[in-house]
Amino acid sequence: MMIGGVVQDSVGSWLEGFRKYTRRGSALKSEICDILIGLQVARLRKYIKVIVESDRLYTIEMILEISVNIPWMTLIQRINEVRRKLQEVKFQFVPREGNMVADWFTKSGSINDAKINFF
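Going left to right, the sequence shown walks through residues 1 to 119 as UniProt numbering numbers them.
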């Protein structure tokens, strides 16, 4: 399973992308990992205002409405730790059609991408 995402500027121009192959996991866990890595990249690059787009509304709801009975609680806690270190983070649902660049980029990787690769 591939995880990954793209970083764009305020007008939608490509800044960079990242992806990594993982041996196991569900689509939901993959999406959570994508968001965590994306926020870590934003912090590393010193971006202060970030919009996280996801085509999985349930993932956004899990992050914003923390409950002790949610899957992958540790990953969600890490997302919220990174969020607090950024000036502004907004989560936005986008239909799958609006998320095709990130989907294509992630799916174009190979199982040889064991480390996080930046493009």
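We put the CB at the ideal spot given by N, CA and C, even for glycine.
Handout entry: Inter-residue Cα distance where the pair is GLU16 and ASN69
Key = About 34 Å.
Practice task
Please list the segments of the alpha helix (DSSP H) lying wholly inside the UniProt domain "RNase H type-1" (3-108), counting only runs of 4 or more residues, in order along the chain.
Solution key: Here the runs fully enclosed are 27-44, 57-64, 73-84, 100-107.
Practice task
Counting only the same chain and skipping the five closest in sequence on each side, list residues whose C-beta sits under 7 Å from that of TRP14.
Solution key: Excluding residues up to 5 positions away in sequence, VAL6, GLN8 lie with their Cβ nearer than 7 Å to the Cβ of TRP14 in the same chain.
Exercise for the section: For VAL11, count neighbouring Cβ atoms within 10 angstroms of its own Cβ and tell me buried if that reaches 16, exposed if not. Expected result: A residue is called buried when at least 16 other Cβ atoms come within 10 angstroms of its Cβ; VAL11 does not meet this threshold and is exposed.
Handout entry: Burial state of LEU39, where buried means 16 or more other Cβ atoms lie within 10 Å
Key = LEU39 comes out buried.
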